[in-house]
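Below: one structure, written as structure tokens.
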Amino acid sequence: MNLVIEDVSKQYRGGHLALRNFSLTMKPGVLGLLGPNGAGKTTLMGILATITKATEGRVLWNGAEIAKNPDALRSVLGYLPQDFGVYPNLNAVEFLEYLAAVKGLDKATAARRIPELLELVNLTDARKRALGGYSGGMKQRVGIAQALLNDPQLLIVDEPTAGLDPEERVRFRNLLSDLSGERIVVLSTHIVSDVEATATDIALIANGTLVAHATPEALLLQVEGKVWEWVVPSGDLNEVRQRHQISSTNRRSDGVHVRVLGDEPPQGAQPVTPSLEDAYLFCLSRHRGGVAA
Amino acid sequence: MNRSRVLFHMVRADFLERVRRYSFLFTLGFSIYLGYAMYSGKINMQLGSYHGVANSAWLGSVVGLAGSVFLSLVGFYVVKNTIQRDRETRVGRILAATPMSRSFYTLSKALSNLAVLSAMILILAGAAIVIQLTHGGVGRISLFDLLSPILIFGLCAMSVTAAIAVLFETIPGLRGGVGNIAYFFLWCFLLNLSIRPLLTGQSPSVSTSMRDYTGITTISGQMQAQLHQLDPEYKGGSGFYIGSSHRGTKTFVWTGVKWNATIILSRIFWIGVAFCLTLIAAGLFDRFDPARETLSLKRSKKQAVLPKPDELDRLPIHIRETQLHASDLTPLVHGRSHVRFVALVLAELRLLLRGQHWWWYAVAAGLFVGCLFAPLDSARSGVILVAWLWPALLWSQLGTREAQFSTQAIIFSAPHAFPRQLLSSWAAGVVLALLTGGGLGLRLMLARDTDGLFGWVVAAIFIPALALALGVCTESRKPFEAVYTAWWYIGPLHQMRKLDFIGTQPTSSTPGLYLAASLMLLLVACLWRRGRLAHA
């Protein structure tokens, strides 16, 4: 099972180039697609989900080009779009029954899977309520349930934790980890902690191009020995910002604890264990031509 | 910033937002078509066997009247979405948090509506000039004679239309499809009020002028008076005719509208009516209060029973912890393709009917029984008309629901969703027609009236096909609601041959034509949807 993206570019009307010669090969596991807002993640998700067409290049699902036979992929695809709606007059069961019919699930399978999925996303007790009365997080969970209806081999989730409270976010991360195995899961997000918790592979995307594709460990290795922390008086913070690539700041009673990226340590700084967020910022900074010194 | 500047910017922003949408091109297209129809003589005005020579006065009067009569109908459907758009885009909630008053907001919306409608009127004015310059126009162009009826009568009628549109948007029950259908009948009523003095031969007076919101009685009355002086044999009568075959054989020189204080006062009166309607709308406007929105939706029966906001707060998000894991889910055997067309049709039918209250079914059942037990002629030309107007707001969902509720990405990423989902949606509409009009179907079957039965089946096929095609092409429910109501009124209700898609009389029934039209509409819907999908 593999999904191959070959030199894909996407240009919208008006000339905006959302993706440029993007290539990537995915195998079973969770691929975390990380990138800043406007990087091209949602465009890529749309192409993989057969919602939009690439202007150039091709996408191959198990060797077959999806543009030529999209239904071959669609029958094994689960897709949770970033922005989606529900029919407000239906309840969760009816909505999933409708989508099961659209996706071509047989009646018996749909009847078994729908209650299971509602239980999985913790909506069993709210299943009879009209979706119009659901909160944003509950609608998001209905979206997750519909994406899993057909037991997808390719699961694409675009910003899935948006609108979820911290507890539900943790549950969803665990669910994604559970789901990985003999399927490809593409998790698009700009929340590094979501990827950190679940991804077996990470692809960094910026300005429509692939910045890096590696395991989390390999990305962390890239930034090993390049993360430093030291305490500065709060009055000096602006000067530090201008001279260094800051990863994070924390105000404490003894001053501001500043975490910076760079090949050489600032005077008085101590090396610290890098996080994935450090690696992400480091790669983006390098891609933009920023100096991490 | 002073109030007039704020008002200017609100109207400007709203106007720009509208005119930069593709749908505005359709709006302009309609005005251009109306201008062309008059240019080519497809729409013309005649008084008995007379029509005017194409001088500035005649062209200005005719184009002005056509604008105020036709655009007051079409324009309503064009502009009735301004508050809805603020609601959908959530811009309304930002505006609600500003010091802006409700009357200020509704006034800005009415003015913005008027700006859009004025753009349509100005196109007609341009068309009038082009007609006189290029199409055998007589005499010199007199800009006053040409433009004054267009601007004075046209803009006045548009101001009323703009205000009614805002008013409808602030009344929960009229905000949606019910309002779209109700406006057609309101327009008929206002037009009738306007035109009645002409039909009854009342002489012009302050009262007739005040009732004449389109200006048709005022202008036609003056034209008739002039003709009476020119030709004592002239017996009166005037009207708009669609189709070039109705052109009058005799000509006369229309010297133009004789403006007087009564006409000006009557226009000021109607502008005042528009202003009052805007103020009433301000009183009814909910200022995007979510609590009132929920209440409004419940009142308008557009939603299933939703929890009140305070109930929503109490709704447990984490009801209980589940022990189920992804690995416990029933596995699926991939590679088996199920074509569940019937299941999908039933699911679409359920989606259509969902949210209807018991009384909707009670009325539908009553109409079914009415068709079954009324005398066959009455059932065929009377009860069935109501039975097939009743579900109009359900048919108008066809082809639009996916866009309206943003479910396209989910649905169109399913295997074989095109054309299966589209056709099953249409089939659900046909089932709905067969059910609601089923009483007549049974009667025709029992009477062994095969022609009548064929016409009935074709109508049940045609109505959802029209809804689907308009829905898919426009992604809006309004076009079907407006077109269907007008068509229903002109064709079946008045038993006009070729337009009577229900076949209310054997003489007006043309089922073969409508069967072909249905197939064409389905083809259009499929091609349009296919064009919109990346991978169909």
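Protein sequences appear in the order of chains A and B. Sequential numbering of the first sequence, starting at 3, is according to my numbering. Sequential numbering of the second sequence, starting at 1251, is according to my numbering. Using N, Cα and C, we set each Cβ at its ideal position, and we do this for glycine too. All figures in this text were calculated on a predicted structure; none of them were measured in a lab.
C-alpha of V1261 of chain B to C-alpha of T1356 of chain B: approximately 11 Å in a straight line. Between the beta-carbon of W230 of chain A and that of Q269 of chain A there is about 10 Å, and that puts the pair past the 8 Å contact cut. By the criterion of at least three beta-carbon pairs nearer than 8 Å, the region 1722 to 1736 of chain B is not in contact with the region 1691 to 1705 of chain B.
At the C-beta level, I1402 of chain B and G1314 of chain B come within 9 Å of one another. At least one C-beta of chain B is nearer than 9 Å to the C-beta of N152 of chain A. Listed by position along chain B, the residues whose Cβ is nearer than 9 Å to that of L92 of chain A are A1554, R1600, L1601, R1604 and G1605. Residues of chain B whose Cβ lies closer than 7 Å to the Cβ of P83 of chain A are, in chain order, A1659 and I1660. The region 196 to 240 of chain A contains, as complete alpha helix (DSSP H) runs of 4+ residues, the segments 218 to 224 (chain order). When 7 Å is used as the limit between beta carbons, I53 of chain A is near these residues of chain B: A1659, F1662, S1663 and A1784, in chain order. By the Cβ rule, the region 40 to 51 of chain A counts as touching the region 158 to 175 of chain A, because three or more pairs are nearer than 8 Å. As far as DSSP is concerned, M1370 of chain B takes part in no beta bridge. Scanning the region 1465 to 1514 of chain B from its first residue to its last, the whole beta strand (DSSP E) runs of 3-plus residues come out as 1489 to 1492 and 1500 to 1502. Under the three-state reduction of DSSP output, L1579 of chain B falls in the coil class, being neither helix nor strand. Nearest CB-CB separation between D1539 of chain B and chain A: not below the 9 Å threshold. Here G134 of chain A has P90 and N91 as same chain residues with Cβ atoms under 7 Å from its own Cβ, once five neighbours each way along the sequence are excluded. For F86 of chain A, at least one C-beta of chain B is nearer than 9 Å to its own C-beta. In the DSSP assignment, L36 of chain A falls outside any alpha helix (DSSP H) and within the unbroken beta strand (DSSP E) covering G31 to L36. Excluding its 5 nearest sequence neighbours in each direction, N1363 of chain B has C-beta neighbours in its own chain below 7 Å: V1329, T1332, A1412, A1415 and V1416, listed in chain order.
Excluding its 5 nearest sequence neighbours in each direction, Q1755 of chain B has C-beta neighbours in its own chain below 7 Å: S1631 and Q1745, listed in chain order. By the Cβ test, the region 66 to 78 of chain A is not in contact with the region 234 to 245 of chain A, since fewer than three Cβ pairs between them sit closer than 8 Å. The three-state secondary structure of Q244 of chain A, taken from DSSP, is helix.
With respect to the 9 Å criterion, A132 of chain A and N93 of chain A are classified as neighbours on the basis of their beta carbons. Taking CB atoms only, E58 of chain A has no neighbour in chain B less than 9 Å away.
Across the region 104 to 117 of chain A, CB contacts with chain B closer than 8 Å involve V104, K105, G106, L107, D108, K109, T111, R114 and R115, in sequence order along the chain.
With fewer than 16 other CB atoms across the displayed protein chains lying within 10 angstroms of its CB, F1435 of chain B is exposed.
Residue-level contact by beta carbon fails for R175 of chain A and chain B, as no gap is shorter than 9 Å.
The beta-bridge partner set that DSSP reports for P1756 of chain B is empty. Restricting attention to A:K109, A:A102 and A:F97, the CA atom closest to the CA of L125 of chain A is found in A:F97. Identification of chain A residues near S1656 of chain B by a Cβ-Cβ cut-off of 8 Å yields D85, F86 and G87, ordered along the chain. At a cut-off of 9 Å, the C-beta of R15 of chain A has no neighbouring C-beta in chain B.
For P276 of chain A, the three-state secondary structure derived from DSSP is coil. Interface residue (Cβ-Cβ distance to chain B less than 9 Å): L5 of chain A is not classified as such. Per DSSP, reduced to three states, the secondary structure at D1627 of chain B is helical. At the C-beta level, L79 of chain A and L156 of chain A come within 9 Å of one another. In the three-state reduction of the DSSP assignment, R76 of chain A falls in the helix class.
With contacts defined by Cβ atoms closer than 9 Å, L1684 of chain B and A1664 of chain B do not form a contacting pair.
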